[in-house]
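Numbering-wise, the sequence shown is residues 0 to 627 according to numbering that gives the first Met the number 0.
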Amino acid sequence: MSNINNNGTVPVQEFEYKAEMKQLLDLIVHSLYTHPEIYLRELISNASDALSKVRFNALTDQDILDKEAELAIRITIDSKEMTFVIEDSGVGMTEEELIANLGTVAKSGTLSFMQSLKEQQKQLDGNLIGQFGVGFYSVFMVTEEVTVETRSARLDSQGYRWRSSGQGTYTIENIDKTERGTKISFKLKEEHKEFAEEYRVEQIIKKYSNFVDFPIYLGEKQVNSITALWQRSKSELKDEEVNEFYKFIANDYNDPLDFLPVSVEGMVTFKALLFLPKEAPPEMLYRQSELENRGPQLYVKKVLIQNECRDLLPEYLRFIAGVVDTEDLSLNVSREVVQSSPVMAKIRQILTSKILGWFETLSKDQPEKFKTFYKAFGPIIKIGLNTDFTNRDKLIELLHFESTKTDEGGYVTLREYTERMGADQKEIYYHSGSSRSQLLAHPNLEYFQDMGIEVLLLSDPVDVFVIPSIHEYDKKALKSIEKADIDFSKQKREKAEPLAENLLAPVLQLFRETLGEGIEDVIESQRLVNSPVTLVSGKDGLDSQMEKMMKMMQSAMPATKRILEVNTSHPIIRNLAGMIMADANNPLIRTAMKQLYEGALFLEGGLDSTTAFLSRMNELIEAATLSR
């Protein structure tokens, strides 16, 4: 920071942006963005927030400057000079707030996320700017230099002028400003002169900011329509209007997938308009914990109290956008009171129940729409199973899975699964892995496929933590097909004649000796049809996918010993039995046994080193070619 004299009298302080802020500004200024017009939406949104805060302060009897001033946003443009001015009578900023709001990155992780997006897409969607708390800086897409003149609504406040070209520094100086609020002015770049045309500015305001809760004047003309859509009945709501409102409150370019109007009178009284996005919000994709800070807007008597009220919904439903308006809270309610309020607890309970009912209706009446929703938000819904025990049964009914009897991308519910189970099937079977194709190719599935028994295919990483916790559904246990204690007594077809005991015992014993401490046991398999061996878990052991996920979280976690099952009908195993009879010391036997075991490990992603595996494979190929 340094001091400069402006005409030798008024001190101007120069500040340097922090390194992260410089990089972010460079990204915004020099990257090729789509939708540069959103700079106007972001400036209006900031002005609206400032007006909401000052209105709230006035309603709660706080002493503020210009208490009678009209709450409005005014835009003035000059198409010849290509100048743009936007002014609000909002809460304004102190010098400290200017530095905090216009000199630092608002959210941690913003820069790294936007840089990674740039690397992936080469073109950054301007819509993301507002979602990551850097909306003001989008103005640098359309101008070379910005001036901000502001005065806080505090009675003892002073006026300040902030100026920056977005190149690494900004200045702040004291000015005479009689009214509270903020005025932002700049000259447009030549390539963006369209934004100095009245018709174009009006078009943008109607597109993005039509539902701002304060009048927006373009010159002398008010161009937005202020309306509390959530106060209307469902029959009065028009899809086009509702879609525009959603885009405004959710900072989304897409229409919502669906919406739900709610009107409740009784122990609590409130109205709500809730929206289901088509896609998961970007921050959810790079940091799921961001859900903690989301939630619908909370209004009291049509006055915005909290922009993202996390106490209105349980965490696993906070991707729902919308507005909740009640008269049962006071306007000056504090955050702490909101958290502990019995009114809020009741609203949360009712909203949660109605939202889960909404999902259930979509599932039954609009399965394609539900599929879109479930693909985007299914993993988060599943988290609710282990956190919302009140609604656990409802959430279990909402679960959808791919299975061996669904097409790729198709789903089956647990109810549908049990309704088409065979009369003699007592358990619900599932198989965990990284992808459908990998799951379908696994040897452990062979018996079930051969018998026509449906198996749920769990490829969502969340599943391995959630599904075992269900334990049973409709009095039928949920069981991983990797477990060793499954009843395989029924067979669809006669297997090849099994090895005689005097041939089988030496094979199993030599497998045990060869694999040693790395394995819990080696047993004859009843589940294999086409493969020579497979790995399974003991009754109390973790299945392979669960173990893999646990290791990702705790790298020092020791591997669980597995059971190797051997298919005694398979030619490889029968040939090994013959080789043992001829010469149990033949080194190729142990080489082949190690290779079979590591091949099973490789199939489920548990083979740590492939060097020995490949070397052994070459040795076996060489032996096979020599014997020809």
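Beta carbons are placed, not taken as given, at the ideal position from N, Cα and C, and that holds for glycine.
Query, Result
"Candidates S329, E396, V342, M343, of which the one nearest S362 by Cα", "E396"
"Buried versus exposed, by CB contacts within 10 Å (16 or more), P341", "exposed"
"Cα-Cα separation between K106 and G134, rounded to whole angstroms", "Note on K106: pLDDT 49, under 50, position unreliable in the model; no value is reported."
"Inter-residue Cα distance where the pair is L509 and S524", "16 Å"
"C-beta atoms of A46 and I85 nearer than 8 Å", "yes"
"Chain-order list of residues whose beta-carbon lies under 7 Å from that of F487 (same chain, five-residue window excluded)", "Y446, Q525, R526"
"Whole-angstrom C-beta distance between R150 and G91, which should lie under 8 Å", "5 Å"
"Nearest to H569 (by Cα), restricted to the options D582, L595, A583, K233", "L595"
"Whole-angstrom distance between G577 and A622, CA atom to CA atom", "17 Å"
"Residues bridged to A476 [DSSP beta-bridge criterion]", "E426, E471"
"Residue burial classification, G515 (beta-carbon count within 10 angstroms, cutoff 16)", "exposed"
"Cutoff 8 Å; reference Q287; Cβ partners in own chain excluding five residues on either side", "With a pLDDT of 49 at Q287, under the threshold of 50, the modelled position of that residue is not reliable, and the figure given next carries that caveat. Within the same chain, Q287 has close Cβ partners I379."
"Where K277 falls: helix, strand or coil (DSSP)", "coil"
"For S402 and I480, the rounded distance between their alpha carbons", "13 Å"
"Distance between I27 and G167 (C-alpha atoms, nearest Å)", "13 Å"
"Y285 versus F376: straight-line alpha-carbon distance, rounded", "The pLDDT assigned to Y285 is 47, lower than 50, so where the model puts this residue is not dependable; a value taken from the coordinates is nonetheless given after this. Roughly 14 Å between the two C-alpha positions."
"Classification of S51 by the beta-carbon crowding that lies within 10 angstroms, buried from 16 upward", "buried"
"Reduced DSSP secondary structure (H/G/I, E/B, other) of V90", "coil"
"Beta-carbon gap between V141 and F55 smaller than 8 Å", "no"
"F131, buried or exposed, once every other Cβ within 10 Å from all chains shown has been counted against 16", "Residue placement at F131 is poorly supported in this model, since its pLDDT is 46, which falls under 50; the coordinates are not used for a value here."
"Identity of the residues DSSP links to L564 by a beta bridge", "Looking at the sequence itself, residue 564 is Glu, so the reference to Leu does not match. Bridge partners of E564: I522, T533."
"Proximity of Y410 and K381 at Cβ, strictly below 8 Å", "no"
"Counted within 10 angstroms of its Cβ, other Cβ atoms place I225 as buried (16 or more) or exposed", "exposed"
"Distance CB(E13)-CB(S137) smaller than 8 Å", "no"
"Spatial distance of L600 from E471 (CA atoms)", "29 Å"
"Span of the beta strand (DSSP E) around P635", "There is no way to answer for residue 635, as the model of the chain reaches only from 0 to 627."
"Of the residues I354, N242, N584, the one placed nearest K205, counting alpha carbons only", "N242"
"Nearest to L619 (by Cα), restricted to the options K593, L606, E603", "K593"
"DSSP state of A599 mapped onto helix, strand, coil", "helix"
"Proximity below 8 Å, CB of T351 to CB of L316", "yes"
"Three CB pairs or more closer than 8 Å across the region 450-470 and the region 494-503", "no"
"Member of D257, E80, I74, I171 whose CA lies at the smallest distance from the CA of V200", "I74"
"L275 beta carbon less than 8 Å from that of P255", "yes"
"Through-space distance from E564 to D520, alpha-carbon basis", "8 Å"
"N-terminal and C-terminal residue of the alpha helix (DSSP H) that Y416 is part of", "413-418"
"Backbone secondary structure at Y252 - three-state DSSP", "coil"
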